[in-house]
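Written out below as structure tokens is the structure these notes cover.
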Amino acid sequence: MKLFPKIKPFKKHYISVDKVHTLYVEEVGNPEGIPVIFLHGGPGAGISPIYRRFFNPKKYHLILFDQRGAGKSKPYGCIKKNTTMLLIEDIKKITIELNISKFVLYGGSWGSTLALLYAQKYPETVFSLVLRGIFLCRKKDIDWFYQFGASELLPMEWEEFTSLLSKTDKKNILNAFYKKIHKSNENRSKSYCLAWANWEGVCSTIEKSNIVRKSFKDCSISLAKIETHYFKNECFIKENQILNNINNIKNIKCYIVHGKYDIVCPLNQAHDLNKVYKKSILYPINNAGHSLLEAGITRQILKIFSKPKNLIS
Numbered sequence: 000m001k002l003f004p005k006i007k008p009f010k011k012h013y014i015s016v017d018k019v020h021t022l023y024v025e026e027v028g029n030p031e032g033i034p035v036i037f038l039h040g041g042p043g044a045g046i047s048p049i050y051r052r053f054f055n056p057k058k059y060h061l062i063l064f065d066q067r068g069a070g071k072s073k074p075y076g077c078i079k080k081n082t083t084m085l086l087i088e089d090i091k092k093i094t095i096e097l098n099i100s101k102f103v104l105y106g107g108s109w110g111s112t113l114a115l116l117y118a119q120k121y122p123e124t125v126f127s128l129v130l131r132g133i134f135l136c137r138k139k140d141i142d143w144f145y146q147f148g149a150s151e152l153l154p155m156e157w158e159e160f161t162s163l164l165s166k167t168d169k170k171n172i173l174n175a176f177y178k179k180i181h182k183s184n185e186n187r188s189k190s191y192c193l194a195w196a197n198w199e200g201v202c203s204t205i206e207k208s209n210i211v212r213k214s215f216k217d218c219s220i221s222l223a224k225i226e227t228h229y230f231k232n233e234c235f236i237k238e239n240q241i242l243n244n245i246n247n248i249k250n251i252k253c254y255i256v257h258g259k260y261d262i263v264c265p266l267n268q269a270h271d272l273n274k275v276y277k278k279s280i281l282y283p284i285n286n287a288g289h290s291l292l293e294a295g296i297t298r299q300i301l302k303i304f305s306k307p308k309n310l311i312s
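Residues 0 to 312 in numbering that gives the first Met the number 0 are what the sequence shown spells out, letter by letter.
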């Protein structure tokens, strides 16, 4: 299966969600089609034109938006009034603004976190969930990627990532990067942002992908500022919150697509979710890591969305 042709939004919005933040929102495809809300990763990564091409423009009314501080949303890279619960309420505000009462929710990586949390709070608004690269935001999930775990699989890339840190800093890499990014001058902060984003970029695909790496470089400032802010604050949720509240979404169908060799968010996170979420179907993808743009993951997402009736029945 191939991506759909390039397409432009039929409508763009800037929606003010509070006194600080204004969100960039796109509507793509058929305004009379099945509504799909697309939740990007990071937090802080933003949306990309290629995301529009996963959805049949005749069948779906696709809504994509840049979360607080990301992409074209304003102010860029801002962590003030930027928390998980506020992002959840932003989804609600956008759907009210666009007069959409029920929809399919797609989220990848951090977007999967947000999709699950939103659905647990507002289950009556969600037809189904399509999730990729599950991130449960537990302490062990964050430590795996930023302290010990992924470091053992890509030791040379890990050395490059941590080369800007002192021996003392390396005892708590997340805290060290948080301080360097948020409390250094602009030039020094930028170099730490690039290192932070590059680490995630090199870990996101099995085969080297210049397209994926460039996408991380392009959003490095917002990604690093917002991710460090969220991860230092344990993503503003309780430990195991998603798994503990799974009963809230017990009647919502869920499709989970996860690369078998995902270094950023290992497959155990999808497995843990699938075990407790009886309405979920897990598709472990061979020869794939974390990125939506890896062939096997792309194929499975396209396949799921090729059957729109299944998503709303």
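All C-beta atoms, glycine included, are put in the ideal place defined by N, C-alpha and C.
- Taking C-beta atoms as the reference points, glycine 288 and aspartate 261 count as a pair closer than 8 Å.
- According to the DSSP assignment, valine 211 belongs to the alpha helix (DSSP H) that extends over 209-217.
- Fewer than three Cβ pairs drawn from the stretch 91-102 and the stretch 191-204 lie within less than 8 Å of each other, which leaves the two stretches out of contact.
- Taking 8 Å as the cut-off, the Cβ atoms of tryptophan 143 and glycine 40 do not count as close.
- For phenylalanine 64, the enclosing beta strand (DSSP E) covers residues 59-64.
- One alpha carbon belongs to tyrosine 191, the other to asparagine 309, and they sit about 44 Å apart.
- With respect to the C-alpha of tyrosine 145, the residue from Lys7, Ala196 and Ser183 having the closest C-alpha is Ala196.
- DSSP places serine 111 in the helix class (H, G or I) of the three-state scheme.
- Straight through space, the alpha carbons of arginine 187 and leucine 281 are spaced by roughly 42 Å.
- If you ignore the 5 residues before and after cysteine 234, its C-beta comes within less than 6 Å of the C-beta of Thr83 and Cys136, all in its own chain and listed in chain order.
- Secondary structure at valine 275: helix, using DSSP grouped into helix, strand and coil.
- Counted as a single uninterrupted DSSP element, the alpha helix (DSSP H) harbouring arginine 298 occupies residues 294-304.
- Burial check for serine 127: the Cβ neighbour count within 10 Å reaches 16 or more, so the residue is buried.
- Rounded to the nearest whole angstrom, the CA to CA distance from asparagine 244 to glutamine 119 is 7 Å.
- Note on tyrosine 229: 16 or more other CB atoms within 10 angstroms of its CB, so buried under the neighbour-count rule.
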